[in-house]
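Residue numbers (my numbering): 1175 to 1643.
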């Protein structure tokens, strides 16, 4: 049998679909999974009649790939990745390329890249976004690692990536774990987006009294505006879905406890280490954690009082328009925070992350794909050294036009006792960023008084300590 162009280790949903995508774009492949039955199910099912073959063990896998070998690894992060890399190290040769496509922590990728380089392998840590559909028909991909390893992969990745009017949704991120870092921040922004949309839903449903049919109509309408995005589109679909068993709207019987796989938490932890404020993303992570303690919340709901009386009502159409404006402003702040984190990491790690290109490859294929990203791409094209997205002329004007509605929406939510942690966090971020003098002068005074931590002055250089009265 002729040798294959590539190999895929891990034939779960993502790995199998990525292999089918590669085959459809003209590349032959060999699939392997530690579960031998999985290989047979793939070959007898979706892989039947395709230019794919299976391998029974690691040596057979290596023997069936053209040199330099290109091995894609799509297994769960952590120990499974370590196990696969150890096995591949025993059968591959110098110059071969390993592409690790899972949601791995970028520091693990840094370590693995160095270890694989010492053995003569090109190791690429690549974030892949788009879920099952993206893997099959075109994901957004964020590869990092040695440049020559990426150059070997580019002809494959550019064909299987989602496409836009200005190129495939893949580009070289930078050395080491840059690719997985960018994917981590992508997922953090995704957390923020989803929470902001959930808060918009909560306001419209609880304060505006919109039923599911009306919500579906509103979100469908929004998807034809500046809010056009995959997440807005699928939200409308969620509102329309009925449960097959009960016939009830499915949204009304889904338990209000959101899960997490860790990438949002990693984003928050890393932002703290870098000293970058990302309150919208942090609020989204906090909201999921609060949702998870549902029994506690149910008990607390019977004991803790809310507002004495509801706020004055707002015309339904006026509320819909105000929430749309607030969502756009808060979303802008969320992306500003994510891009600021990428910028800081790029400086600290000397990665030279291409922020405009990152916005470009997120325009299609990934979960946060949106019309909005073209505007971000254009902002970095205007000013590649843009300090913060909020300072771009387009976004300055967009928020200036909408901020009155944004403030009214956040105020209404607070008055009604409806939690808006992400929308409110975005507004606080905006107001703090535009404030010339913050009250942290008092904080510094307190720190010096109780702990002699010193402070800086506006009128002199240096650090000072006062013997407080």
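The beta carbon of each residue, even a glycine, is placed where N, CA and C say it ideally should be.
Let me know the secondary structure DSSP gives residue 1645 once reduced to three states.
Outside the shown range of the chain, which is 1175 to 1643, sits residue 1645, and nothing can be said about it.
What do you get for residue 1423, buried or exposed, if any count of 16 or more other CB atoms within 10 angstroms of its CB means buried?
Here the question's residue 1423 lines up with position 249 in the chain shown. So residue 1423 counts as buried.
Residues that DSSP places opposite residue 1244 in a beta bridge
Looking up residue 1244 in the chain shown gives position 70. Paired residues: 1271.
Which listed residue (1310, 1351, 1227 and 1317) has its alpha carbon closest to that of residue 1336:
Here residue 1336 refers to the residue found at position 162 of the chain shown. Per the Cα distances, 1310.
For residue 1345, count the other beta carbons within 10 Å of its own beta carbon; 16 or more makes it buried, fewer makes it exposed. Which is it?
Position 171 of the chain shown, counted from the start, is the residue given in the question as residue 1345. Looking at its Cβ environment, which holds 16 or more other Cβ atoms inside 10 Å, residue 1345 is buried.
Per DSSP, what kind of secondary structure is residue 1496 in: helix, strand or coil?
Taking the first residue of the chain shown as position 1, residue 1496 is located at position 322. If DSSP states are grouped into helix, strand and coil, residue 1496 belongs with the helices.
Quick one, are the C-beta atoms of residue 1519 and residue 1562 less than 9 Å apart?
On the chain shown, position 345 is the one that residue 1519 refers to. On the chain shown, position 388 is the one that residue 1562 refers to. Their beta carbons are not under 9 Å apart, which means residue 1519 does not touch residue 1562 by this criterion.
If I follow the unbroken beta strand (DSSP E) through residue 1226, where does it start and stop?
Your numbering for residue 1226 matches position 52 in the chain shown. Element bounds for residue 1226: 1226-1228.
Hey, would you say residue 1196 sits closer than 9 Å to residue 1279, going by beta carbons?
If you number the chain shown from 1, residue 1196 lands on position 22. If you number the chain shown from 1, residue 1279 lands on position 105. No.
Limits of the unbroken beta strand (DSSP E) element including residue 1297:
Within the chain shown, the letter at position 123 stands for residue 1297. Unbroken beta strand (DSSP E) run through residue 1297: 1296-1303.
In chain order, what residues of the same chain lie with their CB nearer than 6 Å to the CB of residue 1202, ignoring the 5 residues before and after it?
Looking up residue 1202 in the chain shown gives position 28. If we look at residue 1202 and ignore the five residues flanking it on each side, its Cβ neighbours are 1178, 1179 and 1225.
Under the DSSP definition of a beta bridge, which residues are partnered with residue 1423?
The residue labelled residue 1423 in the question sits at position 249 within the chain shown. 1416, per the DSSP bridge assignment.
For the stretch 1228-1248 against the stretch 1260-1279, do three or more pairs of beta-carbon atoms, one drawn from each stretch, fall closer than 8 Å, so that the two count as touching?
yes
Would residue 1545 pass as a contact of residue 1400 if the rule is Cβ separation under 9 Å?
If you number the chain shown from 1, residue 1545 lands on position 371. If you number the chain shown from 1, residue 1400 lands on position 226. It is a contact, given that the beta carbons lie within the stated cut-off.
Is it buried or exposed, residue 1415, if we count other Cβ atoms within 10 angstroms and call 16 or more buried?
The residue labelled residue 1415 in the question sits at position 241 within the chain shown. When all chains shown are included, residue 1415 counts as exposed.
Decide if residue 1296 is buried, meaning its Cβ has at least 16 other Cβ atoms within 10 Å, or exposed.
Residue 1296 sits at position 122 when you count from the first residue of the chain shown. Its Cβ being crowded by 16 or more others within 10 Å, residue 1296 is buried.
Can you look up residue 1567 in the DSSP assignment and give me helix, strand or coil?
Within the chain shown, the letter at position 393 stands for residue 1567. DSSP places residue 1567 in helix when its eight states are reduced to three.
Where residue 1353 and residue 1522 are concerned, what is the direct C-alpha to C-alpha distance, given to the nearest angstrom?
Locating residue 1353 in the chain shown gives position 179, counting from the first residue. Locating residue 1522 in the chain shown gives position 348, counting from the first residue. Spanning the two alpha carbons is a distance of roughly 15 Å.
Just verifying my parser: in three-state terms, what is the DSSP assignment at residue 1239?
Numbered from its first residue, the chain shown carries residue 1239 at position 65. Three-state result, residue 1239: strand.
Within the continuous alpha helix (DSSP H) that includes residue 1189, where are the two ends?
Position 15 of the chain shown, counted from the first residue, corresponds to residue 1189. First-last of the alpha helix (DSSP H) with residue 1189: 1187-1198.
Are there 16 or more other CB atoms within 10 angstroms of the CB of residue 1222, so buried, or fewer, so exposed?
Numbered from 1 along the chain shown, position 48 holds the residue referred to as residue 1222. By the 10 Å Cβ count, residue 1222 comes out exposed.
Where does residue 1360 land, buried or exposed, given buried means 16+ other C-beta within 10 angstroms?
In the chain shown, the residue the question calls residue 1360 occupies position 186. The residue in question, residue 1360, is buried, as its Cβ has 16 or more Cβ neighbours within 10 Å.
Can you have a look at residue 1524 and say buried or exposed, based on whether 16 or more other CB atoms are within 10 angstroms of its CB?
Residue mapping note: residue 1524 aligns to position 350 of the chain shown, counting from 1. By the neighbour-count rule (16 or more Cβ atoms within 10 Å), residue 1524 is not buried but exposed.
Counting beta carbon pairs with one atom in the stretch 1383-1394 and one in the stretch 1600-1618, are three or more of them shorter than 8 Å?
no
How do the stretch 1524-1540 and the stretch 1380-1387 stand: do at least 3 beta-carbon pairs fall below 8 Å, yes or no?
no
Under the rule that 16 or more other beta-carbon atoms within 10 Å means buried, what is residue 1209, buried or exposed?
Numbered from its first residue, the chain shown carries residue 1209 at position 35. Per the 10 Å Cβ criterion, exposed.
Proximity of residue 1403 and residue 1454 at Cβ, strictly below 9 Å
The residue labelled residue 1403 in the question sits at position 229 within the chain shown. The residue labelled residue 1454 in the question sits at position 280 within the chain shown. Against a cut-off of 9 Å, the Cβ pair of residue 1454 and residue 1403 comes out as no contact.
Taking C-beta to C-beta, are residue 1189 and residue 1249 nearer than 9 Å?
Here residue 1189 refers to the residue found at position 15 of the chain shown. Here residue 1249 refers to the residue found at position 75 of the chain shown. Contact: yes.
Where residue 1358 falls: helix, strand or coil (DSSP)
For the purposes of this step, residue 1358 is taken as the residue at position 184 of the chain shown. Correct three-state label for residue 1358: helix.
Proximity below 9 Å, CB of residue 1587 to CB of residue 1593
Along the chain shown, read from residue 1 onward, the residue named residue 1587 stands at position 413. Along the chain shown, read from residue 1 onward, the residue named residue 1593 stands at position 419. Going by C-beta atoms, residue 1587 is nearer than 9 Å to residue 1593.
With DSSP run on the structure shown, which of helix, strand or coil describes residue 1450?
Your numbering for residue 1450 matches position 276 in the chain shown. It is coil, neither helix nor strand.
Could you please give me the residues that DSSP links to residue 1204 through a beta bridge?
Residue 1204 sits at position 30 when you count from the first residue of the chain shown. Residue 1204 pairs with 1181 and 1227.
Do residue 1461 and residue 1372 count as a contact pair if the criterion is CB distance below 9 Å?
For the purposes of this step, residue 1372 is identified with residue 198 of the chain shown, where counting begins at 1. For the purposes of this step, residue 1461 is identified with residue 287 of the chain shown, where counting begins at 1. Going by C-beta atoms, residue 1372 is nearer than 9 Å to residue 1461.
Check whether the Cβ atoms of residue 1314 and residue 1275 sit closer than 9 Å, and answer yes or no.
Counting from 1 along the chain shown, the entry for residue 1314 is found at position 140. Counting from 1 along the chain shown, the entry for residue 1275 is found at position 101. Contact: no.
Can you check whether the CB of residue 1281 is closer than 9 Å to the CB of residue 1351?
If you number the chain shown from 1, residue 1351 lands on position 177. If you number the chain shown from 1, residue 1281 lands on position 107. Contact flag set, yes.
Going by C-alpha to C-alpha distance, which of 1429, 1629 and 1262 sits closest to residue 1466?
Position 292 of the chain shown, counting from 1, holds the residue named residue 1466. Here the closest residue by C-alpha is 1429.
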